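Reading through the structure tokens given below for one structure.
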Amino acid sequence: MTSEKVLKEVFGYESFRHRQKDTINSVLQGNDTFVLMPTGGGKSLCYQIPALMLEGLTIVISPLIALMKDQVDALKLSGVAAAYLNSTQDHHEQAYIMDMLKLNEVKLLYVAPERILGKESNFVDFLKTLDISLIAIDEAHCISHWGHDFRPEYLMLSELAKVLKKKVPTIALTATADKITQKDIVDKLKLENPQVFISSFNRPNIQYHVTPKRNSFDQLLDFLHHNKDESGIVYTLTRKSTEKIANQLTEEGFNAKPYHAGLDTAVKTKHQEAFLKDEVKIIVATIAFGMGIDKSNVRYVVHMDLPKNIESYYQETGRAGRDGLPSQALLFFSFGDVFKLKGFVEIEDNQKQSAIMLQKLDQMAKYAQLKTCRRKYLLNYFGEEFAIHCGACDNCLNTFETIDGTEIAQKALSAVTRLEERFGVNYIIDFLRGSKSEKIWDRHKNLKTYGVGAEISKEDWRHYINELIGLDYLIRDNGQYPVLKLGKKSWDVLNKGEKVSVNQPITQRYET
Ligand code: ADP
Ligand code: ZN
-3 MTSEKVLKEV FGYESFRHRQ KDTINSVLQG NDTFVLMPTG GGKSLCYQIP
47 ALMLEGLTIV ISPLIALMKD QVDALKLSGV AAAYLNSTQD HHEQAYIMDM
97 LKLNEVKLLY VAPERILGKE SNFVDFLKTL DISLIAIDEA HCISHWGHDF
147 RPEYLMLSEL AKVLKKKVPT IALTATADKI TQKDIVDKLK LENPQVFISS
197 FNRPNIQYHV TPKRNSFDQL LDFLHHNKDE SGIVYTLTRK STEKIANQLT
247 EEGFNAKPYH AGLDTAVKTK HQEAFLKDEV KIIVATIAFG MGIDKSNVRY
297 VVHMDLPKNI ESYYQETGRA GRDGLPSQAL LFFSFGDVFK LKGFVEIEDN
347 QKQSAIMLQK LDQMAKYAQL KTCRRKYLLN YFGEEFAIHC GACDNCLNTF
397 ETIDGTEIAQ KALSAVTRLE ERFGVNYIID FLRGSKSEKI WDRHKNLKTY
447 GVGAEISKED WRHYINELIG LDYLIRDNGQ YPVLKLGKKS WDVLNKGEKV
497 SVNQPITQRY ET
């Protein structure tokens, strides 16, 4: 049977998507395989179809115990011999599944990574007695410290493929891994010459907008009045605020319900179902909402607060527009959020992990302050190249014009160098503009660069410096004091005369 035939006859789909077919072929040829594909892209078929075509059993490792039953039930409905083992089952149920496994009656077995852990290592001994032909590791980013959702129990998986009766290929899948994490997954799982399949992360139908957060509830109302009768998700940081905002929206005549991990299961299910059936239009939720939700007509995702990292932001905004129709992602940003979140992202007694999480927060804050294409930044984050103007983010829509910013960049970068990378944006701008203020050190007033940017307004300098930060020519250092430093690429501008293009809003022409 060919993979196309399985796709059609078992799953009822006409054709493969993204790189599913190549991925399946790679697995069938016995290669270790790494798949990076956005949520909803169709990762599951990449191991489910091989599982049905190979002799023996496929083990699927997944941390999402809550979703296992649904996944397995759906497979059973398609006539696939699937089963799961996890802590929600009683002893009898587990014993029954193990009997079925011994009888080779199961093709796909879903297990939580905890199963593989030391104290239950007799489970690994049990696996050794079975005829296993493939190991699929879902949510593979959980094995990496560099990912945003590290789970120590995943580390136990690195040896699994090697200890079985015969050498078994591994397929690792994730929807969320930046460049370092991708490499780390391959290393940690000890994948051998892995075939790597990366699908585009671009979601062309989602428009990205960031607005300075002022009076955020009024700003939200304003947005919702423009999107009346559409379905959407509003994410907030705290459980309390989900309830408060949902209540306020209800008072304003919107059809909104809260969702967070602290609500009774029955209430959560009720709100979720009502949202799926379009009986409730707006879900106001913490990040607890959305996992495994497949609602196609979500027209907008609003973030009232800054997400902790780009991975989460991308996942959450990605719940909009699954049907391919135009959708909005709106983020309200304030610097206060960055400080507030610092406490949240730090991981107790784990300095190394905290540092990584702080860096991820920083990259998120940088996204919010971008003056350049937001889509480009998101895609680059996941290791994908993209042209500078997407035409569908606020920055691109503000119709920037690109100007030759080489001279501007040279002035700014040499000021940063002359000031020994020890000063913040305001000081550098005052210095460039030749401010007579006493704040500028006398010693600095004698430097050659002092005043070379006098013809450019303060506001424009601020824009250009942000632009240079967005383009990685300058780096905002988040040490004790926020200072500007040179990026790696800066030397080419200063020493080799590399050309720099910067964007400038068209309107600026009329203002000056
Ligand atoms: P992921 O795990 O990547 O988030 P899933 O494997 O859950 O995505 O697939 C998302 C949805 O797309 C599911 O409803 C799935 O049945 C469907 N799907 C997957 N591949 C195809 C395909 N080739 N054609 C049509 N639908 C598909
Ligand atoms: Zn853009």
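Each residue of the sequence shown is one higher than the one before, counting from -3 in our numbering. Don't be surprised by glycine CBs; every beta carbon is placed ideally from N, CA and C. All values derive from a computational prediction rather than experimental measurement.
- Taking the C-beta atoms as reference points, residue 428 is found no nearer than 7 Å to residue 490.
- In chain order, 414 place their CB closer than 6 Å to the CB of residue 443, counting only its own chain and leaving out the 5 sequence neighbours on each side.
- Burial is judged here by how many other beta carbons sit within 10 angstroms of a residue's own beta carbon; residue 257 has fewer than 16 and is exposed.
- Per DSSP, residue 137 lies in no beta strand (DSSP E) segment and is marked neither H nor E.
- Cβ-Cβ distances below 7 Å link residue 145 to 137, 138 in the same chain, with the five nearest sequence neighbours on each side left out; the list follows chain order.
- Closer than 6 Å to some heavy atom of ligand 2: that does not describe the Cβ of residue 472.
- Three or more Cβ pairs closer than 8 Å define a contact, and the segment 261 to 272 falls short of that threshold against the segment 163 to 173.
- Under the Cβ criterion (8 Å, minimum of three pairs), the segment 229 to 238 counts as touching the segment 301 to 312.
- In this structure, the beta-carbon distance from residue 298 to residue 326 falls below 7 Å.
- Two segments are said to touch when three or more pairs of C-beta atoms, one from each, lie closer than 8 Å; by this definition the segment 235 to 245 touches the segment 276 to 295.
- In this structure, residue 178 keeps its C-beta atom at 7 Å or more from the C-beta atom of residue 27.
- Going by beta carbons, residue 130 and residue 54 fall inside the 7 Å limit.
- CA-CA distance, residue 417 to residue 359, rounds to 20 Å.
- Ligand 1 approaches residue 12 closely enough that one of its heavy atoms is under 6 Å from the residue's Cβ.
- For residue 308, the secondary structure class from DSSP, reduced to helix, strand or coil, is helix.
- The C-beta separation of residue 352 from residue 487 comes to about 27 Å, leaving the pair out of contact by the 8 Å criterion.
- By the neighbour-count criterion, in which a residue is buried when 16 or more other Cβ atoms sit within 10 angstroms of its Cβ, residue 83 is exposed.
- Contact check for residue 81 against residue 67 fails: the beta carbons are separated by 7 Å or more.
- Not one heavy atom of ligand 1 lies closer than 6 Å to the C-beta of residue 17.
- For residue 356, the closest alpha carbon among the candidates 310, 321, 367 is that of 310.
- Residue pairing by DSSP puts residue 207 in a beta bridge opposite 328.
- Restricting attention to 483, 493, 405, 494, the CA atom closest to the CA of residue 460 is found in 405.
- Taking the Cβ of residue 195 as the reference point, every heavy atom of ligand 1 lies at 6 Å or farther away.
- Remark: the C-beta of residue 26 is outside contact range of ligand 1, defined as less than 6 Å to any heavy atom.
- The continuous stretches of alpha helix (DSSP H) do not include residue 186, and DSSP gives it neither H nor E.
- Counting only the Cα atoms, residue 88 lies some 22 Å from residue 59.
- Here DSSP, grouped into helix, strand and coil, assigns residue 450 to coil.
- In the DSSP secondary-structure assignment, residue 78 is bridged to 104.
- Residue 159 sits exposed, since fewer than 16 C-beta atoms from the chains shown fall within 10 Å of its C-beta.
- In this structure, residue 371 has its CB closer than 6 Å to one or more heavy atoms of ligand 2.
- Here residue 373 has 363, 366 as same chain residues with Cβ atoms under 7 Å from its own Cβ, once five neighbours each way along the sequence are excluded.
- Excluding sequence positions up to five before and after residue 317, its CB lies within less than 8 Å of the CB of 199, 201, 202, 294, 295, 323, all in the same chain and listed in chain order.
- Look at residue 333 here: in three-state DSSP terms it is helix.
- Per the coordinates, the alpha-carbon of residue 314 lies some 8 Å from the alpha-carbon of residue 35.
- In the three-state reduction of the DSSP assignment, residue 352 falls in the helix class, which pools H, G and I.
- The continuous stretches of beta strand (DSSP E) do not include residue 414, which lies in the alpha helix (DSSP H) extending over residues 402 to 414.
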